[in-house]
Amino acid sequence: MTTYAETIAAGLTGHGHLLGIEGLRADQISDLLDLADSYVDQNRAVKKTTDLLEGRTVINLFFENSTRTRTSFELAAKRLGADVINMTVASSSIKKGETLVDTAMTLNAMHPDVMVVRHSDSGAVKLLSEKVNGSVINAGDGSHEHPTQALLDALTIRRRKGDLYGLRVAICGDVTHSRVARSNIHLLNTMGAEVRLIAPPTLLPSAIDRMGVETFHNMKEGLEGCDIVMMLRLQLERMQGSFVPSRREYFRYFGLDQEKLAMAKPDALVMHPGPMNRGVEIDSELADDLDRSLIRTQVEMGVAVRMACLHALTQGTLAGDVNSGGSKS
Amino acid sequence: MSQRDNKTKRVYINARIIDPASGLDVKGALLTEGIHIVEFGPKLFKDGVPEGIEVINCEGNCLAPGLVDMRVHLREPGDEHKETILTAGQAAAAGGITAIAALPDSRPILDDVSGVEYVARRAREAKMVKIFPYGAITRGMEGKELTEFGLLSEFGAVAFTDSTKAVANAQTMRRALSYAKTFNALIVQHPEEPTLAGGVMNGGEISTRMGLSGIPNHAEIIMVERDMRLVEMTGSRYHAAHLSTAGAVDVIRQAKARGLPVTCDTAPHYFCLNENSVLDYRTFAKVSPPLRSETDREAVFEGLADGTIDAIASDHSPHDQDSKRLPFAQAEFGIVGLETLFPLALQLYHKKALSLIDALSLVTNKPADILGLSVGRIAKGGTADLVIFNPDSPFFIDPEKFRSKSKNSPFTGFPAQGKVLRTVVDGRTIYDRTAA
């Protein structure tokens, strides 16, 4: 286990932070997934904690409300023995005066080893990372990246299919606003999977084909021969005429049900980053079908992947040293 | 002092005198008395300068009309922590600029006589460069009710624009164009269809990768196309500000071929940089309209080279650190430009797209002509607004050295050529590199 950690720590030292999947190499991703795999058993055991991060401080800094991701990171840090502080900063109090950079520098003065940050603006986590000494993990920034989600998706797939290489994966839904989609596109392409996007053109960002994907506007055509079907969440306010005309029309043409799924491979598996809109992007029964749906496994893998990321970023070196190669201002 | 100044004679010798308006490019001397140019040419004082005349030796460097910058955000009144009329004047002087047209989006907005008068008075007090205020097209720049074009013109407004807001309503724009004819006033549009321009950077592969909302090229193209039809309807003069797209340059090119009374400008960042500058969420490269693709950059450059684009303006938009040190979507739009306009305009010369005199024309007599100003030229009896420069000396742009209060430039480390050595307004030196 230490060998994995050493390799990854070496690989990520150049980063100091985990800000995105873009730029990570295939061997770094594989090593992180291997390390995460080793934590799955620990999480299933009766005694779930170790003391790897004993004495270290992890701050979960969430500028956007999130229960599941924050809980997942909190559990991951606690199971490694770290001290964890959760801070949810409503965006309104930011608007009252203190800027993101002020917040970053204030918290930095308390010497956290790792900051796990979510923010509604793309690039905000990178901006914050430039102002702190510890490592920063991006827990989702705007529509940009959500690297731990892509890693947990990859671990989930790998445990069921053995390998990501050569798989045909469809990502369906609101790609334009999705950081999950972007991180997954980077990861799947890096690992040699074939990526398809299925959505109405209003939910596909411009020049998305330049990211190495094939796009489809018809669910049945797009799902043909797919090994994995990843559904994305569509926010309710985007279904009332601005991007798509109505919920019912969206579900009719882009919601996943048994009929459409029949176009994919017979053993195709269904994923969703949650929280789901049952009956909007995914049929309720299908979501609960344990033979086809990996949705609960994804949640389980999330804790293991986040333990691996915390492990890799802190292993063998004080957080302040990890960061020394990064940019500061 | 002013009375004595009025008679002070100064001669600039060993100069390469370049005047784009008349096509003059000769070695010689130039004599000023008080605020005026008296005489110039290759024969002047060829056998020595008489007693009693102050001599300024140009040492073979170029002597040209001071630059005219037709788009500058002064930030005074209202945002003096970003820039003041004095600091903008100092920055302009260091940039070889002797006249600027001030955009009306100060706080309060320059939409009435008192605002326009205030800027004119503060400019006189600062005694730096000449400042010509624009008036807003609509009250509060809200795109609804027209301002008093006649009265504002009388009190010094050189043209009318809603600054970085488009006049989006077609009927309002039509009426603005029609009514402007009464006073032969020029309407300057920020050409961007606002309903398509809700993003924060150019729409395309990079915005998609960065997860930022994009502004498509078509936001600009559609507005310029619409406005060309309104110009056809009204027959009025129209100027499109800061073109950034190949498509819009093409629309103007065709409109000019059809004989429409239209002109346009662009800013240096639209022909020197492309959207790659915003990678890593660099907010100093966040600007409106956004930096575009390499294809667009080339087309803007080509538009300058072939004369479709009539002028280069700095679009100087000062912002303090707090307005830029934010997540990209929250940061303000804008780039400072007074101190980089000159060397970046010369890129057209150094890249062999234009001769030196034609490149200078884009920042001197051409913008002056668009605004109907007599500045931007060397003429007997004209005011002595001059710049002495070396067109070739190379350097790396360093915003930390700017005199502007704000340093928000994406050109840090950009290799440029062309240094301003001295700037003269009304015969008086307001910038001297050797003394700076």
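Protein chains in written order, with the working numbering: chain A, -13 to 315; chain B, 216 to 651.
C-beta: ideal position from N, C-alpha, C; glycine also.
For the segment 81 to 95 of chain A, the set of residues with a beta-carbon nearer than 8 angstroms to any beta-carbon of chain B comprises Thr85, Leu86 and Val87, in chain order. Per DSSP, reduced to three states, the secondary structure at Met443 (chain B) is helical. Remark: C-beta atoms of Leu458 (chain B) and Ile430 (chain B) do not approach each other more closely than 9 angstroms. Chain order gives no chain A residues near Phe260 (chain B), where near means a beta carbon separation below 7 angstroms; the closest approach is about 54 angstroms.
By the 16-neighbour rule on beta-carbons within 10 angstroms, Gly6 (chain A) is buried. Between the segment 509 to 529 of chain B and the segment 273 to 281 of chain B there are fewer than three inter-stretch CB-CB distances shorter than 8 angstroms, so the stretches are not counted as touching. Neighbours of Arg512 (chain B) in chain A, taken as residues whose beta carbon is under 7 angstroms from its own, are absent, since the nearest beta carbon is some 17 angstroms off. In the three-state reduction of the DSSP assignment, Gln545 (chain B) falls in the helix class. Chain A places a beta carbon closer than 9 angstroms to that of Arg540 (chain B), counting this residue as a contact. Between the alpha carbons of His130 (chain A) and Ile252 (chain B) lies a gap of roughly 59 angstroms. Met197 (chain A) is not a Cβ neighbour of Cys158 (chain A), given a cutoff of 9 angstroms. Residues of the segment 412 to 424 of chain B that bring their beta carbon within less than 8 angstroms of a beta carbon in chain A comprise Gly418, Gly419, Glu420, Ser422, Thr423 and Arg424, in sequence order.
Contact of Leu296 (chain A) with chain B is not assigned, every C-beta pair being separated by 9 angstroms or more.
DSSP places Gly126 (chain A) inside the beta strand (DSSP E), whose first and last residues are Ser121 to Asp127. About 7 angstroms separates the CB atoms of Thr74 (chain A) and Asn51 (chain A); that is less than 8 angstroms, so the two are in contact. Assignment of Met217 (chain A) by DSSP, reduced to helix, strand and coil, places it in the strand class. Separation of the CB atoms of Phe611 (chain B) and Pro630 (chain B) is rounded to 6 angstroms, and the pair is thereby assigned contact status at 8 angstroms.
Counting along the chain, the unbroken beta strand (DSSP E) around Arg182 (chain A) starts and ends at Glu180 to Ile184. Interface criterion met: the Cβ of Met197 (chain A) is under 9 angstroms from a Cβ in chain B. In this chain, Met177 (chain A) is not harboured by any alpha helix (DSSP H), its DSSP state being neither H nor E. Going by beta carbons, Leu586 (chain B) and Ile593 (chain B) fall outside the 9 angstroms limit.
For Tyr25 (chain A), same chain residues with a beta-carbon under 7 angstroms away, outside a window of 5 residues either side, are Ala290, Met293 and Ala294 in chain order.
For the options B:Asn417, B:Ala306, B:Ser237 and B:Ile300, the alpha carbon positioned closest to that of Asn491 (chain B) is the one of B:Asn417. Annotation for Gln404 (chain B): the continuous beta strand (DSSP E) segment containing it runs Ile402 to Gln404. In terms of beta-carbon proximity, Ala254 (chain A) stays away from the interface with chain B, with every pair separated by 9 angstroms or more. Within chain B, the residues placing a beta-carbon under 7 angstroms from that of Arg168 (chain A) are Gly426, ordered along the chain.
About 13 angstroms separates the CB atoms of Cys479 (chain B) and Ala461 (chain B); that is not less than 8 angstroms, and the two are not in contact. Taking 9 angstroms as the cut-off, the Cβ atoms of Thr142 (chain A) and Met287 (chain A) count as close. By the neighbour-count definition (other C-beta atoms within 10 Å, threshold 16), Ser232 (chain A) is an exposed residue. Against chain A, the CB of Ala544 (chain B) has a partner CB under 9 angstroms away; the residue lies at that interface. Secondary structure at Asn204 (chain A): coil, using DSSP grouped into helix, strand and coil. Chain order gives the chain A residues near Tyr496 (chain B) as Gly109, Lys112 and Leu113, where near means a beta carbon separation below 7 angstroms. A Cβ of chain B is located within less than 9 angstroms of the beta carbon of Ala193 (chain A).
Straight-line measurement puts the Cα of Val344 (chain B) at about 28 angstroms from the Cα of Ala381 (chain B). According to DSSP, Arg231 (chain B) shares a beta bridge with B:Lys242 and B:Cys277. Close to chain A, meaning a Cβ-Cβ distance shorter than 9 angstroms, are the following residues of the segment 429 to 447 of chain B: Gly429 and Pro431.
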